[in-house]
Amino acid sequence: MESIGGQAVIEGVMIRNKDIVATAVRKSSGKIKVSRLNVSSITKKHKILNLPVIRGVIILFETMMIGIKSLNFSANESTNTKEKEEMSQWQLVLAIIIALAFALVLFKLLPLGIVQLINNFFILNRFSFSIIEGVLKLLILSGYIYAISFMPDIKRIFMYHGAEHKVVNCYENEGKVTVKAAKKYSTIHKRCGTNFVTLVLIISVLVYIFIPLEFSFMAKYAARVALLPLVAGISYEVLKVNAKYPKLRIFELFIIPGLLLQRVTTKEPNSKQLEVALRALKESLKQGS
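Under the numbering used here, the final residue of the sequence shown carries the number 1581; numbering is consecutive throughout.
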């Protein structure tokens, strides 16, 4: 069985099956428009980049690039405007930089600043400092996602997210999918990107314990940013092992927060949304470019 992943986009779903990326979008006319790309990770071309931990960082960056391209396609196709504005390579990179900068401030700088203030009143050791920081990051992430989930556009994206999970769960369990069959499956999936994000936060707690408390505030922050690729790489390997050996209960503990958060990031889809997700899945399963 293929290892299939994907994401929700604006009025649609992107599904990736190995080197095939298919994005299906429901246009305002009601028709479904599909984009199909043949991509290949550079980790397959260079053995050193396919080493454990290193490959996770590379694949994460590639996934972000593909995700933004899919979002760009969906934004163009879901609107009534006739002029299509495709993002150039540098614009894609700039979008990723802006997104990372926002994430570094909200999920790194802010919680570190709060726990640093706490440390000024209550002397913490490295373990308690890192634990409190990790809890704060999870709370900020959960609060942020919960807050935006009330926005109508975000709610629709979360419904498409649920549709993506339902058709993938159906395919992985039955080998074939129909809208009717997919309806009975869960909107939760163990390989969801939500799990990866929460796993990064959890792994960061274990890694940041080794950063000396004697460092200045900015030195602590710089060390956390510098160690982020290592944290992401380790998180990728944990997810990979969990997917390969699902009976190893110890790794399931790491993804419990992600599974719980998926109850917010996924919503029950309607039949039309499942139809779009099913179209993306079918296109991703086709052979050839």
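Yeah, the Cβ is synthetic: ideal placement off N, Cα and C, and Gly gets one too.
On the DSSP letters alone, give me the boundaries of the beta strand (DSSP E) that residue i sits inside.
i	result
L1262	Any property of residue 1262 remains undetermined from this structure, which presents the chain solely from 1293 to 1581.
M1306	1304-1309
N1412	Run containing N1412: none in the beta strand (DSSP E); it sits in the alpha helix (DSSP H), 1402-1413.
I1324	1324-1330
R1237	One cannot answer for residue 1237 here, as it falls past the ends of the chain, which runs 1293 to 1581.
Quick one: using the 10 Å Cβ neighbour count with 16 as the cut-off for buried, is residue i buried or exposed?
i	result
E1506	exposed
F1488	buried
L1566	buried
G1348	buried
N1562	exposed
H1453	buried
R1418	exposed
From what residue to what residue does the alpha helix (DSSP H) around residue i run?
i	result
L1608	Here the chain has residues from 1293 to 1581 only, and residue 1608 is not among them.
K1472	1471-1474
R1541	1541-1557
Leaving aside the five residues before and after residue i along the sequence, list all residues of the same chain whose C-beta is less than 7 Å from its C-beta, in chain order.
i	result
S1366	V1301, I1302, E1303, G1304, T1315, V1317
G1297	R1308, R1483
D1582	No statement about residue 1582 is possible, as the shown extent of the chain runs from 1293 to 1581 and does not include it.
I1547	K1482, N1487, L1491, N1534
K1512	L1404, I1503
F1509	Q1408
If contacts are defined as beta-carbon pairs under 8 Å, then residue i and residue j qualify, I think. What distance do you get, rounded to the angstrom?
i	j	result
I1480	T1558	7 Å
L1553	T1490	6 Å
P1549	I1501	Contact doesn't hold; Cβ gap of about 18 Å is too wide.
C1462	Y1438	Not quite, the Cβ-Cβ distance comes to about 28 Å (not below 8 Å), so this is no contact.
Among the residues of its own chain, which have a CB less than 6 Å from the CB of residue i, if the five just before and after it don't count?
i	result
L1329	V1313
Given 7 Å as the limit, tell me if residue i has its C-beta closer than that to any heavy atom belonging to the ligand COA.
i	result
H1453	Looking for the ligand COA in the displayed structure turns up nothing, as the structure carries no ligands at all.
Task: Contact the segment 1520-1535 vs the segment 1570-1578: 3+ CB pairs below 8 Å - done: no
Open item on the list: For the structure I just gave you, are there three or more beta carbon pairs, one from the segment 1419-1429 and one from the segment 1395-1404, closer than 8 Å?
Closed with: yes
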